[in-house]
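Beneath this line is the structure, given in structure tokens, with notes to follow.
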Amino acid sequence: FYYRRVQWATKMIQQRYRANKLRDVEVYQYCKIKKAVTCIQAAFRSMREKKRFQSMHRAASIIQRQFRTFSERKRFLALRTATISIQRCYRAWSVVKQQRHQYLCIQAGYRELNVRRQVHKTHLAATEIQSAFRIQRLQNIHKTKGTEACFVQNFYRSYLLGKSEHEEFMILCKSVVVIQSAYRGMKDRQKLKAMHAAATVIQCHYRMHKQLTYYR
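Numbering (the working numbering), first residue to last: 2 to 217.
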């Protein structure tokens, strides 16, 4: 009877020990599986959050790009409007200045024509007075001397003198016209050079702004 009790106790101890070992193995496997499941869940959640963050980052990048594009376009349109306004004002000012210059040239030409007409009339009147005076003087000389040869010679000499003076006056008028034409040409060339320099500066600024806008 004692042997049976000892044998039963031994079997019970062995069963308990084996059950405890199996429990330890199962607990270890459970803990291992639980850790693996936790790692898988953490990796899945991390991947899901990473995808969500990437999608949010892409959306934020798109929104920022669209906002920057809108801002740059708005700035470009404002700059373009300002440039067009400046160009219009400059062109209007150039047209007004050119028209004013033309009007001044027309007025100067008209005044010069009037002066020339007055000078010509004065010259003709002086020539007629001189001719009448010379004729009167020749007549007086003819009356006093009583010789027609002296009258003819004096008249011919006065004619030659008046002709030479008239030729000198015409040469002087032509010289004045040439000098005036050269001066007006010089002024027009200076004006064209200044307008070309201004257009070059505007084009350089516009190209620089265009390149800056392109690289931005």
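C-beta: ideal position from N, C-alpha, C; glycine also.
Everything numeric in this text was worked out from a predicted model, so none of it was measured.
Nearest-angstrom Cα separation, counted from residue j out to residue i
| i | j | result |
| --- | --- | --- |
| Gln100 | Gln191 | 17 Å |
| Ser132 | Met187 | 42 Å |
| Arg59 | Arg66 | 10 Å |
| Lys52 | Ala83 | 46 Å |
| Lys35 | Gln16 | 27 Å |
| Glu168 | Ala183 | 23 Å |
| Val38 | Ser62 | 35 Å |
| Ser165 | Gly110 | 28 Å |
| Tyr29 | Arg46 | 25 Å |
| Gln154 | Leu173 | 28 Å |
| Val7 | Ala20 | 19 Å |
| Arg69 | Gln42 | 39 Å |
| Glu27 | Arg5 | 32 Å |
| Arg118 | Ala200 | 42 Å |
Beta-carbon proximity list for residue i, same chain, < 7 Å, skipping 5 on both sides
| i | result |
| --- | --- |
| Leu80 | His210 |
| Val120 | none |
8 Å CB neighbourhood of residue i in its chain, flanking five on each side removed
| i | result |
| --- | --- |
| Met196 | Ser95 |
| Leu185 | Just to set this straight, residue 185 is Arg in the shown sequence, not Leu. Counting only Cβ-Cβ distances below 8 Å, and skipping sequence neighbours, we find Cys106. |
| Thr214 | Glu73 and Phe77 |
| Phe54 | none |
| request: Please list the segments of the alpha helix (DSSP H) lying wholly inside the region 29-101, counting only runs of 4 or more residues, in order along the chain. | output: none
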